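J.: Under UniProt numbering, the sequence shown has 309 at position 309, and the numbering climbs by one with no breaks.
Built from N, CA and C at the ideal position, the CB exists for glycine as well.
As the structure is a prediction and not an experimental result, all values here were calculated from the model.
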Amino acid sequence: MSAKVAHLTTVHHPLDPRIYYKQCQSLNKAGYDVTLIAPEANEHISEDELQTITITKHNNKFKRMIFSSLELYKRAKQLKADYYHFHDPELLPVAWLLKNKHNTVIYDIHEDYETAMLQKEYLPKPLRRVVAKTFKLVEKLFSRKMEKVIAEKYYKEKYQTGQDILNYPIISERILNKEILGNTKTNKLLYTGNVTLERGALHHAELPIIDEQVEMHFVGYCRKPFAEQIKEIAGDHASRIYFKGIDEYVPKDEIEDAYMQDDWLAGVAIFPPTEHYVKKELTKFFEYMAAGLPIICSNFEKWDEFILKHNCGITVDPDHPDEIKQAIETLRNKPEYARQLAENGRKAVLDGLHWGVEENKLIKWYEEIKPHK
């Protein structure tokens with residue numbers, strides 16, 4: 001019989017790319033009996049593609065941590081899975097309860113949670129460091145007998161035993177068939193992913209002010225009040241800011257539709273410096289590269305090294321508008337250079353920075369950690 005795998009989340013959308021499209025579908029394709037337990041959503045998931053169990057979605061964080069976790073625990077325990085692979089740190093107690101000598105429990109570390117907590121706006125600033133340190137102790141206690149998988153290279157600094165299964169993109173045929181134009185007739189800049197303060201939204205809001213020809217397009221979830229704040233910052237230039245995803249999840253296919261447009265000048269990630277992001281290789285970097293977009297991003301040391309290594313974009317000081325404007329003008333006025341950056345980025349992705357490589361690692365690792373009956 002096929003080994004039974006349960007992927008568990010109370011936080012992520014059931015169509016989360018890392019969980020659903022990458023790990024669950026890859027394991028399913030490899031012959032594992034995979035079930036996903038995730039919050040209910042508007043999008044329909046075909047049972048022909050993957051077995052799914054939906055749990056009640058609670059928008060209130062504390063209700064979710066209690067009631068969603070309890071509901072998930074009951075459903076997960078009924079499965080009697082060989083592998084329990086969970087994706088949210090708040091599920092550490094649930095995973096600890098599910099662990100026994102006959103199964104393997106996997107803690108999937110999507111983020112550097114300790115530093116992420118230092119940025120949580122809903123926590124009073126004096127409490128953040130206390131909460132982060134407390135979490136670290138609780139995490140260590142609950143996860144002692146669990147396998148760990150990390151989504152980012154630098155997490156190895158904190159999780160030395162973690163198996164890296166990096167969050168590289170799935171490269172679709174239509175993305176690869178998209179021609180790289182080095183387009184000079186466009187002034188459209190693209191940002192994909194959740195639109196938040198720490199992910200540079202306010203810097204991106206200023207781009208139409210910095211360059212009066214630029215259009216700024218956000219494709220990803222954004223709370224309506226925050227979208228209005230972004231428009232206010234743009235002021236008289238707000239008509240050149242566009243959103244797809246105000247108060248709604250944007251599925252992977254729709255983000256890919258955005259990448260398929262052939263008139264982007266660049267993909268942007270001009271983030272403010274925070275401990276959480278300065279060492280992180282963003283998933284959107286690899287997606288921009290696969291789609292044939294030059295990158296304009298902040299000049300953090302690790303990002304500088306990445307962009308220089310692959311020669312796929314331009315880094316800028318996020319607090320220096322003149323540098324940002326110069327980067328935009330360089331791509332606009334030097335089409336061959338822009339095209340070369342785009343081609344370099346796509347080549348780097350094809351040479352190994354894609355999910356196919358990580359998929360093979362995942363399947364091999366699952367075999368190595370299989371439970372002994």
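Are there 16 or more other CB atoms within 10 angstroms of the CB of Ser68, so buried, or fewer, so exposed?
T.: buried
J.: Taking the alpha helix (DSSP H) that Glu215 falls in, what are its first and last residues?
T.: It is not in any alpha helix (DSSP H) - Glu215 instead sits in the beta strand (DSSP E) that spans Glu215 to Cys222.
J.: Based on Cα-Cα distance, which residue from His310, Pro225 and Tyr277 lies nearest to Gln119?
T.: Tyr277
J.: Would DSSP call Cys297 helix, strand or coil?
T.: strand
J.: Less than 9 Å between the beta carbons of Glu40 and Ile19, yes or no?
T.: no
J.: Thinking His310 and Gly267 are a contact (beta carbons under 8 Å), I'd like their distance in whole angstroms, please.
T.: At roughly 14 Å, the Cβ-Cβ gap does not stay under 8 Å, so His310 and Gly267 are not in contact.
J.: Our contact map puts Ile270 next to Gly200 with C-beta atoms below 8 Å; I'd like the distance itself, whole angstroms only.
T.: Contact holds; Cβ gap of about 5 Å.
J.: Can you confirm whether the region 56 to 63 touches the region 123 to 131 when touching is taken to mean that 3 or more C-beta pairs between the two stretches lie within less than 8 Å?
T.: no
J.: Quick check on this structure: which residue in Leu70, Ala76 and Lys29 has the alpha carbon closest to the alpha carbon of Leu36?
T.: Ala76
J.: Measuring CB to CB, does Leu265 end up less than 9 Å from Leu176?
T.: no
J.: Measuring only the C-alpha atoms, how far is Lys370 from Arg339?
T.: Rounded to whole angstroms, Lys370 and Arg339 show a C-alpha spacing of 46 Å.
J.: So which of Ala116, Asp263 and Ala238 has the shortest CA-CA distance to Thr196?
T.: Ala116
J.: Using 8 Å for Cβ pairs, my map puts Pro14 next to Thr52. What's the rounded Cβ distance?
T.: 6 Å
J.: Please list the segments of the beta strand (DSSP E) lying wholly inside the region 126 to 170, counting only runs of 3 or more residues, in order along the chain.
T.: 147 to 150
J.: Could you spell out the range, first to last residue, of the alpha helix (DSSP H) harbouring Thr35?
T.: Counting along the chain, Thr35 sits inside no alpha helix (DSSP H); it lies in the beta strand (DSSP E) bounded by residues Asp33 to Pro39.
J.: Assuming Gln163 and Trp365 make a contact with CB atoms under 8 Å, what is their CB distance in whole Å?
T.: 5 Å
J.: Between which two residues does the beta strand (DSSP E) containing Val105 stretch?
T.: Thr104 to Ile109
J.: With three or more beta-carbon pairs closer than 8 Å as the criterion, would you say the region 344 to 362 touches the region 150 to 170?
T.: yes
J.: Of the choices Ala6, Glu198, Asn42 and Ser298, whose alpha-carbon is the least far from that of Tyr32?
T.: Ala6
J.: What residue does the beta strand (DSSP E) around Lys268 start on, and which one ends it?
T.: For the sequence presented, residue 268 should be read as Val rather than Lys. Residues Trp264 to Ala269.
J.: For Lys252, report the span of its beta strand (DSSP E) as first-last.
T.: No beta strand (DSSP E) holds Lys252; the alpha helix (DSSP H) holding it covers Lys252 to Met260.
J.: Buried or exposed for Val34, please, with buried defined as at least 16 other CB atoms from any protein chain shown within 10 angstroms of its CB.
T.: buried
J.: DSSP three-state label for Tyr21, please.
T.: It is helical.
J.: What beta strand (DSSP E) runs, 3 residues minimum, are completely inside the region 282 to 328?
T.: 295 to 298 and 313 to 316
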